[in-house]
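Novice: I have a structure I would like to understand better, so I am pasting it below and will then ask my questions one at a time.
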Amino acid sequence: QALGRGGGGGGGRRTVAADRFDIKRQYFLAYDVVCQVTLANGQTLIPPEGFSTNRTLLFDENRVLGFEAAQESLTDSMADDLSWQIIRRLQAAAGS
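Each residue of the sequence shown is one higher than the one before, counting from 200 in the working numbering.
Structure (structure tokens):
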């Protein structure tokens, strides 16, 4: 039995590029999490370790309505990536 604890996680969006009218054209999305796994006997299997992923999102003024949906889709994809990073780390710690 193991206790997994995640924390310190977060995500964000920052502007990477804007045009001459200061319309944001490109964004950088980042998602970070720190997790730790402790066994039932108190032994630490995985000490606090950070995992991160990122994506670039382009803004198209002709597809404004799709921008938020695209951002949400990329955020979901990043969460999946982080989950797999953590699973691979657990497998490595377990000796699989």
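Beta carbons are placed, not taken as given, at the ideal position from N, Cα and C, and that holds for glycine.
Sorted by chain position, which residues of the same chain lie with C-beta nearer than 6 Å to LEU289's C-beta, five sequence neighbours on each side aside?
Specialist: none
Novice: Per DSSP, what kind of secondary structure is ASP279 in: helix, strand or coil?
Specialist: helix
Novice: With ASP254 as the anchor, note down where its beta strand (DSSP E) starts and where it stops.
Specialist: The sequence given here places Arg at residue 254; Asp does not occur at that position. ARG254 -> beta strand (DSSP E) spans 243 to 257.
Novice: Please report how far the alpha carbon of ARG254 lies from the alpha carbon of VAL236, in whole angstroms.
Specialist: 27 Å
Novice: Looking at C-alpha atoms only, which residue of THR243, GLU248, VAL233 and ASN261 is the closest neighbour of ARG224?
Specialist: ASN261
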